[in-house]
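Input: a single structure, listed below in structure tokens.
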Amino acid sequence: MALRFIADQRIELYKDVQRLRQAYLEALVLTICFPFHVWCLLVIVGSAAWEHLSRVCPNPFRRSRPAPPLPLEIIFHILESWESNALDARETHVARIEFYSSCMRVHSTWTATARRLLHEELWVSRRNDPRLCESIAPENRQQARRTARTLIIDTCYEPMAWQSEEICGLLGACEWLDSLSLVHMNLHLSDFKSFPNLRRLHIRRGSFPAPWPSTDEPTFSMQRLEHLSITNVSFSNAIPIYRGLLDPVALPNLRTLEIWNCSLLWTSFYGLRTFPHLRSLSFSSDYLPISHLLEYELPELRFLNLSSTAIEDLARGHADHRQFRFAPTVLRIEIAKSLVIYGQALSVEERLNQLYVALTALLSRDAPLLRSVRELHVPFEKTALEANKLKSQLARWGVARGVRVHFYDGVDPVGRRDANSSFFAGVFAREAEWFAKPVPPPGLQIAGR
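For the sequence shown, the numbering used here begins at 13 and goes up steadily by one.
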């Protein structure tokens, strides 16, 4: 027993020695190999990080080739195409400043163009604005006048509306002025003699009181005006002098005409009116009879924007015995703002249902107004049950005739058009000006159209 015990002790001692020797060898291997593996791992991670940084950031110790500048025509097109969806004039003004201030830091070739476009537009909302001529030193007025090309006067924040005599002393009353937007002002047609070189004129929420004494002599003539937009303006209905507002002699170069929600006495606008260069026409037919629309001769018309009541009047046969003197290629239909039948206002779904029924009737009769149309924009709402049923019929008609039919959401875009002085930077002005351009060649593909 004693010998066996001694033998077991020797065996256990031998095993302990073997275990210690193996542990020593493992510790030796780890001591030598672990730093090498760590170093290899650091080399791999460092090389990957350096490769990534070299792609993102230029090497400060190596002179890299600068990026080639864009042509000035492309830069100007990019900067000028800025637009805003803001409904408030102040928000649009702030967004414009931020946009062009950021563009100045893009490239050195962008700085001069962005700075010029930034200073070309003036937004005035107070009588004591420091940019008025009375607040500018006489030696700096001429240079300041030449800088401004777009003048926006928004007096909605003033306690009283401005009178027309007050705009004559403003900075924009000069020969370099290109675009003028007047909001919430009392005007006369003769007031625009101070702006003979205007190309775009937008009037919103203004009033044209009755001139005194009353006279029928022409006092409104803007030979260079191309874009005329009038929204929510009240006229004196008893004075026929305002028929000169749509006189082809006074507006020989007009290309875009938009009249929305204006209280005009349409019986005073009698006789044939020929606008040889007009390509974009938009009317709010809540106040426009179809008989007045028949008196326009527009050989170059491309875009026609009507509200749903005009389509319903056409479906009732108001123009069956007379021909339109224009053939639009793009027809856009908008839902009327308010429609009252038997003293009760119709909902949006009911107005859409009536529109689709009237439009289907016109398509079945092959109405002359729709024969030249190649693109049709129709409002749509899923909650209108009758319109949902007739939507597929309109789509099949478009496929059979080769007409692109677009069903757009937002059945009341007229409300967005009532934005304050952000009109010139809005989507509706851009759309109207796009259609007012010359027709591109048949083989030319226009981006976005």
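Using N, Cα and C, we set each Cβ at its ideal position, and we do this for glycine too.
Note that this is a predicted model, so its numbers are computed, not measured.
- Task: Identify whether residue 111 lies in helix, strand or coil by the three-state DSSP scheme.
- Result: helix
- Nearest to residue 292 by CA position, among 241, 412, 410, 232, is which residue? Measuring from the Cα of residue 292, the nearest candidate turns out to be 241.
- For residue 134, which of 402, 190, 359 has the nearest alpha-carbon? 190
- Item | Between the CA atoms of residue 302 and residue 203 - distance to the nearest angstrom | 31 angstroms
- Message: Could you check whether residue 266 and residue 290 sit closer than 8 angstroms to each other, using their CB atoms as the reference points?
- Response: yes
- Query: Name the DSSP bridge partner or partners of residue 411?
  - Reply: Bridge partners of residue 411: none, in fact.
- Task: Give me whichever residues DSSP pairs with residue 272 in a beta bridge.
- Result: 243
- Ranges of the alpha helix (DSSP H) found wholly within the segment 197-222, counting only runs of at least 4: none
- Check whether the Cβ atoms of residue 295 and residue 318 sit closer than 8 angstroms, and answer yes or no. yes
- Message: Suppose only complete runs of 4+ residues qualify. What are the alpha helix (DSSP H) ranges in the segment 317-394, listed by chain order?
- Response: 320-327, 360-376
- Item | Helix, strand or coil at residue 267 [DSSP, three-state] | coil
- Task: Starting from residue 166, follow its DSSP beta bridges and name the residues at the other end.
- Result: 195.
- Bridge partners of residue 136, per DSSP? 165
- Task: With residue 310 as the anchor, note down where its beta strand (DSSP E) starts and where it stops.
- Result: Premise fails: residue 310 is in no beta strand (DSSP E) and is neither H nor E.
- Message: Distance check for residue 239 and residue 406, CA to CA, integer angstroms please.
- Response: If I take the Cα positions, the gap works out to 33 angstroms.
- Query: If you draw a straight line from the alpha carbon of residue 379 to that of residue 385, how long is it in whole angstroms?
  - Reply: 11 angstroms
- Item | Proximity test, residue 59 beta-carbon vs the ligand NAD heavy atom, cut-off 7 angstroms | Absence of the ligand NAD is noted for the structure shown, with no ligands found whatsoever.
- Task: Could you check what DSSP says for residue 84 in three-state terms: helix, strand or coil?
- Result: helix
- Delimiting residues of the beta strand (DSSP E) encompassing residue 93: Here residue 93 belongs to no beta strand (DSSP E), and DSSP marks it neither H nor E.
- Message: Quick check on residue 420: buried or exposed, where buried means 16 or more other Cβ atoms within 10 Å of its Cβ?
- Response: Residue 420 should be labelled exposed.
- Query: Alpha carbon to alpha carbon, what distance is there between residue 398 and residue 368?
  - Reply: Cα to Cα, the separation comes out at about 8 angstroms.
- Task: Answer with buried or exposed for residue 345, where buried requires no fewer than 16 other C-beta atoms within 10 angstroms of its C-beta.
- Result: Around the CB of residue 345, 16 or more other CB atoms lie within 10 Å, so the residue is classed as buried.
- Task: Rounded to whole angstroms, what's the CA-CA distance from residue 196 to residue 414? Just pull it up for me.
- Result: 45 angstroms
- Query: So what does residue 293 bridge to, in DSSP terms?
  - Reply: 269, 316
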